[in-house]
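I have placed the structure first, in the form of structure tokens, so that the comments after it can refer back to it.
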Amino acid sequence: MQKQKSTIHSKLLAGSAVLLAGWSVAQAEPADWKIDPEHFSIAFEVDHIGYQRQIGMFTDARGMFRYDPETRQLANGRVEVEAASVFTAHDKRDEHVRGDDFLAAEDHPRIMFEVTGFSPDDGDGGTLTGDLTLLGQTHPVELDVTINKRSKYPFGHGKETLGVSARTTIARSRWGMDYAVSNNLVGDEVALRFEFEAIRQ
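First residue of the sequence shown: 98, per the numbering used here; consecutive thereafter.
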């Protein structure tokens, strides 16, 4: 009787081990993550004649990427931003920024970012590299990334969610956007900030 109980116990342990191993493998596999448009903020900051740094946002963007949170490997990713969605809290200025002096949104309606690689650091982030397409020109950029949190969402969809912050600074003239650079009315350097929640698919 004791031997039978021992055999049953061993089988239960073995079965549990197999299930746990299978779960671990499933969790470790790369997955597609979709950026939640309701929790996706893209902000920019640029100098204005030295008096202040003008802050603006893009209000319409979407993105997906393939990422393994266990190995921290990022296979690919893409973000698309509607250029016409620029917002600086001033209608006349927004119209100017949408025009040919800056975004030329009618001729180049989308700003695109394609991931080319990710190098994790020793903490909760790393360096993200990718190609930024703006005004029809594509150039590489690097972003400093911080993984803020990864867990099951506490309400709503209830799925595993990744919270991310990313920052970089670009020289807009590199993409041919050189309006008011030579006379220092508008700065060449533009700080970009991305904040988003991505849902595991």
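Positions of the beta carbon are idealized from the N, C-alpha and C atoms, including for glycine.
Where D221 is concerned, there is no enclosing beta strand (DSSP E), because DSSP gives it neither an H nor an E. About 4 Å separates the CB atoms of A202 and A180; that is less than 8 Å, so the two are in contact. Shown here, A202 sits in coil according to DSSP, grouped into three states, outside any helix or strand. Look at E135 here: in three-state DSSP terms it is strand.
Counting only runs of 3 or more residues that sit fully inside the stretch 182-262, the beta strand (DSSP E) segments are 207-217, 222-231, 234-249, in chain order. Annotation for D197: no residue places its beta carbon closer than 7 Å to its own, counting only its chain and skipping 5 residues before and after.
Taking the Cα of I152 as reference, the smallest distance to any Cα among F162, V176, S138 is reached at S138. N173 and Y164 have their C-alpha atoms roughly 8 Å apart. Taken in chain order, the complete beta strand (DSSP E) segments of 3 or more residues contained in the stretch 132-173 are 149-155, 158-165. Here L282 is exposed, its C-beta having fewer than 16 other C-beta atoms within 10 Å. Under the three-state reduction of DSSP output, A180 falls in the helix class. Each residue's CA atom was taken as its position, placing H136 and F155 some 13 Å apart. Note on F252: under 16 other CB atoms within 10 angstroms of its CB, so exposed under the neighbour-count rule. When D188, I296, R195 are compared, the shortest CA-CA separation from H254 is found for I296. In the DSSP secondary-structure assignment, V287 is bridged to V143, I267. Contact check for Y250 and T258: beta-carbon distance about 5 Å, within the 8 Å limit, so the pair qualifies. Only residues of its own chain outside the window of five on either side were considered, and among them E294, I296 have a CB closer than 6 Å to the CB of D133, listed in chain order. Each of V238, G220, D219 was checked against the Cα of G227, and the nearest Cα belongs to V238.
With contact defined as three or more Cβ pairs closer than 8 Å, the stretch 258-270 and the stretch 283-291 are in contact. Separation of the CB atoms of V183 and L200 is rounded to 6 Å, and the pair is thereby assigned contact status at 8 Å.
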